[in-house]
Structures are given as structure tokens and as C-alpha cells.
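Start counting the first sequence at 6; every next residue gets the next number (my numbering). Just so you know, even glycine gets a beta-carbon here, dropped at the ideal spot from N, CA and C. Since this is a predicted model, take the numbers as computed values, not measurements.
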Amino acid sequence: MNAPSRRPRVRFAPSPTGFLHVGGARTALFNWLYARKVGGDFLLRIEDTDRQRSTDESTRAIFDGMAWLGLDWQEDVVFQGANLPRHQRDGQRLLETGAAYRDFTPQSEIERLRAEAEKAGGAFKFDRRTAELSEAETAEKLAAGEPFAIRFKVPDGTTEWNDLVHGRIAFPNKDIEDFVVLRSDNTPVYNMAVVSDDIAMDITLVMRGDDHISNTPKQILLYRALGANVPEFAHVPMIHGTDGKKLSKRHGATAVGDYQHQGLLPGAMLNFLVLLGWSTGDDTEVMTLPELIDRFDTAGLQKKAAVFDTVKLEWMNGQHMIAMPLDQLAPHVMPLFVAAGLATAEELNARQEWFYGLLDILRSRARRLDEIVGLAAHFFRDTVEFDADAVAKQWRDPAATAAILGATRDRLAELPSWDTAAMEAGLRALADELGIAGGKIFQPLRVALTGLTVSPGIFDVLLYVGRERSLTRLDAAIAYLR
RNA sequence: GGCGGUAUCGUCUAGGGGACUAGGACACAGCCCUCUCAAGGCUGGAACACGGGUUCGAAUCCCGUUACCGCUACCA
Numbered sequence: 006m007n008a009p010s011r012r013p014r015v016r017f018a019p020s021p022t023g024f025l026h027v028g029g030a031r032t033a034l035f036n037w038l039y040a041r042k043v044g045g046d047f048l049l050r051i052e053d054t055d056r057q058r059s060t061d062e063s064t065r066a067i068f069d070g071m072a073w074l075g076l077d078w079q080e081d082v083v084f085q086g087a088n089l090p091r092h093q094r095d096g097q098r099l100l101e102t103g104a105a106y107r108d109f110t111p112q113s114e115i116e117r118l119r120a121e122a123e124k125a126g127g128a129f130k131f132d133r134r135t136a137e138l139s140e141a142e143t144a145e146k147l148a149a150g151e152p153f154a155i156r157f158k159v160p161d162g163t164t165e166w167n168d169l170v171h172g173r174i175a176f177p178n179k180d181i182e183d184f185v186v187l188r189s190d191n192t193p194v195y196n197m198a199v200v201s202d203d204i205a206m207d208i209t210l211v212m213r214g215d216d217h218i219s220n221t222p223k224q225i226l227l228y229r230a231l232g233a234n235v236p237e238f239a240h241v242p243m244i245h246g247t248d249g250k251k252l253s254k255r256h257g258a259t260a261v262g263d264y265q266h267q268g269l270l271p272g273a274m275l276n277f278l279v280l281l282g283w284s285t286g287d288d289t290e291v292m293t294l295p296e297l298i299d300r301f302d303t304a305g306l307q308k309k310a311a312v313f314d315t316v317k318l319e320w321m322n323g324q325h326m327i328a329m330p331l332d333q334l335a336p337h338v339m340p341l342f343v344a345a346g347l348a349t350a351e352e353l354n355a356r357q358e359w360f361y362g363l364l365d366i367l368r369s370r371a372r373r374l375d376e377i378v379g380l381a382a383h384f385f386r387d388t389v390e391f392d393a394d395a396v397a398k399q400w401r402d403p404a405a406t407a408a409i410l411g412a413t414r415d416r417l418a419e420l421p422s423w424d425t426a427a428m429e430a431g432l433r434a435l436a437d438e439l440g441i442a443g444g445k446i447f448q449p450l451r452v453a454l455t456g457l458t459v460s461p462g463i464f465d466v467l468l469y470v471g472r473e474r475s476l477t478r479l480d481a482a483i484a485y486l487r
């Protein structure tokens, strides 16, 4: 048990061997929220001990992903590789205290035994007796410079802990083999390095994927042998693809960076992710980050793996786009407008009121940020392209349509002011005069203004296209029809 | 094979012995609103893996079966 006075400290410890995976991001989020909620520290440790697979590029991708999501950490990043000397000292200490022993068995011999056991259909478990040597034999081998690994001497009994998500989990120690802590080249094995680091970082709660459940008893044994406080553990479920298998490249985008580029809001990503394996206990789903911090509780953690559903992710994004204050939404979409070549940041800032208003009429019609840009494009262009299907559907009778558009144009040109109330009054009156339904004016007008059959409300379109350009577009449409 | 974990609508989940005719959300269908499309509102179909117990009573507790997942390395 931990001394209750210890400051809560959690960590996220990814290996830099790819990109920041959504599963990893969710684990990071849970840890981050926990630290925020209880007023503790959230630390980041890069587990770069696998030299072959670790890359600086991956490390950068992790930083980028964390930054995009807004998951910041306290203190300096810990690079596991830099702690090699301490890992070795801790492993050595195990040997000195008798908690571990030297194993001179050649690795090739172990591999042979293992292969044999597997062929016989059984499981190989290292037999401590095969490594037993007299003191004289040990001294002799040592003097001869024979290589050895250091193995942990698993004691009798049962190793158990009270997992924050699963409750009590127990492993009979007889099922745990004497595992290597220091290889014959003196490098630490994963469990050794992790425990050494978690002790040094004073971690009080280890919250990680449940694929680590079977590592936990080994780690607890290590903490005890090292005379350290055993932290609490919380093993959160995995994230699966729609086929129920572990989420992988086959399922499409698995890196958080992919979603950033797909036009997702970090707040929506966070909100969606947190709901995969956690719930508030009531029906609340759409939440801002402060609300998430306020409501987060490990008691709401789920045991079952969750399927990553991109459709719901996009719905969540739509909800966030609608609910967000415009001045918070704008910075997320502006770069996309600039990248699309529709306007420069300066131009957008100069017309901020117009731009925010445009975002406002478009955002409920989009699920992703880039969709807003697509819907907005024609508001920035001088000419419109008339979509063939739209023309076929709404301009069936060219002569009659031209007449209606002509009358519409005149009425709009006469409007005392360019506001939606005046437009509506004017055009509804025109419809009455012509003895037709409003839609008979609005629909052809929509095609004239946007080139499409789908758009925001027609008066908003007029307002945001602007008077001059609206009239120009009507002229172009009439010319097209003749 | 051994060990461990998990099991409620297609998906995310609520529920923790009686409030369950099992609630919400996404998706789907229909209706409403309406100038179109969204958004929004309403309605509908849709689930307790199976078998035994325990109990007056089980989605809920226990056992078993099945399925799925993870671990089973001198990988991380």
C-alpha cells in the first residue's frame, strides 16, 4: 500500500516505434485526466531501449500528437535509454540481495529446450535447478569470463493486486518462470527497465493497456525485491477495429496525426476517445475538456475492449463544431482556407465578422473542418459553375426560369437594405405577385447563386455572397439560360 | 497447450438482486420543422453468449461451457 501522503504521479510511456496510435493517445488521455483531476503530475517517458525499432522521427510524431491533443506533461521528458546505468545497478542489486541469480546457460541451449518443449505440445518454463552451480563452479566460470544472464528468483506464493478497473487479480507464482532481468550483455529487459524507472519517477499509479496484465505480477515482485512502494495499477481495455480484431493499419487511420489531417478537432478526438472505455455513469456524451477533467473518475473505466467507430467520431466532431464559440473554431479552420487558396489569413482577419458569420451558417452542415471549406468555396469565388444535375433539376424550363430569375434580380436590386428580413419580404411578395410558391423562386435562385441544389438558407446565401456579386451571378445565370 | 482477462442492441454504453415492459448515444427507417441540405424535435426496429446453481426474485451473485483478446522471449 502506498503512503497516502504521496503526491499522485502517473506517466505515459510509449515506445517511439511508429506514430502516436489512437490507443496510446487514449491511455495518455486517461492518465492526463487523472492527474488533472486529482492534482497530481503527468509525466512522459519515451521507451527507446529498442535501438533497432526506435526512431527520432517517431519520437517527434509522439510529441506532435500530444501537442495537437493538448496533452502536456510536467517535468522533462524521460528517455529510458538514458537510464541504462541505473537499470543495471538495480539488476545488480537484485543479485547482491539474493533476489536473483546468475544463469550461465547458453542462450542457444534455452532456445533448443524451448523448441523441444513446444514440439512436444507443452510449454517451456525455465527450470531453476539447471542453473544451480556450486560456489566453486560459479567462481570458475566467472574467472573464465563466461557470459551469464541474471534471472529473478520468483518466490513461492501468490502475487496479487487490486486493479482499479478489474478488482482483484491473482497469479500463482508457480506459473511465473524465473525471468531474465539483465541479459548476458548486461542490458535490462523490459520489465526491469520499467520498474526501475517507475520507482525513480515515483509513480503512484500505473495506468496502461490491459495487454500488460501478465507483466504486472513480475513487476510487483521486482518492486518488492527492490524494497520500493508498489504503485496502484489500472489496466484499461484495448481498442479494436470494426472486425473485433486489434486496431491496426488494415482498419484505416490509426495514428492521431491522420485524424488531425482529416479535419478533426482535437477536442472532439479527445471526447470520442475518452468514451471508448469510460463513461460518466449518466447519459452525458458531448463534453469540453474542462468538463472531462471535472467528471473523470477511474470508477467509470470499462473492462471490455471497444471498437473504434469513425462514424461516431465524425458525429462527435460535428457536435463540437456546432457547440464551440466561433472565435475558438476559427483558428482551426483558417489554415485550411489558406491552404485551399481561397483567401489569405490577412484577408480573413480583415473581414472577421463576415468570416465568422459564414462559418456559423456552414458549420451545422459539416462534420469535418475540411467540409466547411468545401461548402464555403463558392462564397470566395467570382464566378460559379452550374452543376449539370442542378441545372437539369431546377432549371427544366430555361425560358420560364430566366423570366423568374430576371424578376428576382430586379426585386433584389431594388431592396432598400441588404438584410435577410428585407430579402425575404421582397421575394415572398414577388412570389405572391407571380402566383407561385416561394420555392419556385428560391430553388432556381439557389442554383444561380451557388451552382448547386444544396446550400444554407437562401437569404443567408444572398447575404454572404453579397449584393453586388449576387446580382452578377444572376446576370450570368440568365445569360446562360438564353 | 498453460496462465490471465473479457462477455448487455450492428457499434459506444447505463445498470451492480426487486424501480427492467432493460435506459441513452451513434448508425438505420419513418414523421415533424422547412426554400434545398444539414442541424434540431418526435416515433420505430434492434441486446442481457449458453447451461447449471443460489434466492421468494438474477442482466446483476456463484460454477461450468463457449467465443474473443492478451501474455507465455536474454522483444517492448
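In this structure, V338 sits away from L380, with a CB-CB distance that is not shorter than 9 Å. Counting only runs of 3 or more residues that sit fully inside the stretch 66-126, the beta strand (DSSP E) segments are 105-108, in chain order. Counting only the Cα atoms, K308 lies some 37 Å from A154.
If you compare the alpha carbons of A122, I366, I377 and M428 with that of D415, the shortest gap goes to M428. Cβ neighbours of I174 within its own chain (closer than 7 Å, five residues either side excluded): E165, W166, D168 and I218. Beyond the five residues adjoining it in sequence on each side, P242 comes within less than 7 Å, by CB distance, of D215, G282, Q307, K308, K309, A310 and A311 in the same chain, given in chain order. L99 is a Cβ neighbour of F157, given a cutoff of 9 Å. Under the three-state reduction of DSSP output, D46 falls in the strand class.
Annotation: V396 to G456 spans about 8 Å, alpha carbon to alpha carbon.
Under the 10 Å beta carbon count, L367 is surrounded by 16 or more other beta carbons and is classified as buried. Around the beta carbon of V170, 16 or more other beta carbons sit within 10 angstroms, so the residue counts as buried. Exclusion of the five residues before and after A122 leaves F129 as the residues of its chain whose Cβ lies within less than 6 Å of its Cβ.
Ranked by how close their Cα comes to the Cα of Q399, the residues V452, W359, G362 and P21 have V452 in first place. Taking C-beta separations shorter than 6 Å and ignoring five residues to either side along the sequence, the partners of G323 in its chain run R372, following chain order. Our two residues, D424 and L468, have alpha carbons roughly 7 Å apart in a direct line.
Going by C-alpha positions, I51 is about 48 Å away from R386.
Separation of G305 and G96 (C-alpha to C-alpha, rounded to the nearest whole angstrom) is 37 Å.
Cβ contact annotation for I377 (same chain, cutoff 7 Å, sequence separation greater than five): V338, L364, L367, R368 and A371, in chain order. Counting the other CB atoms within 10 Å of its CB gives I441 a total below 16, which places it among the exposed residues.
In the pairwise beta carbon analysis, the stretch 67-78 is classified as not touching the stretch 108-128: fewer than three pairs are separated by under 8 Å. Per DSSP, reduced to three states, the secondary structure at W37 is helical.
A239: member of the beta strand (DSSP E) spanning E237 to V241, first to last residue. Taking C-beta separations shorter than 6 Å and ignoring five residues to either side along the sequence, the partners of E151 in its chain run F109, following chain order.
Annotated three-state conformation of T143 is helix, per DSSP.
With contacts defined by Cβ atoms closer than 9 Å, N276 and M321 form a contacting pair. Within the same chain, L270, G272, A273, N276 and V291 come within 8 Å of H325 by CB-CB distance, once the 5 residues on both sides are set aside. Residue pairing from DSSP places M212 in a beta bridge opposite A239. Apart from sequence neighbours up to five positions away, no residue of its chain approaches D203 with a beta-carbon distance below 6 Å. Between L435 and T413, the C-beta spacing is below 9 Å. Just measuring C-alpha positions, the residue of T247, L347 and P222 sitting nearest V235 is P222. Beta-bridge pairing by DSSP links H26 to A260.
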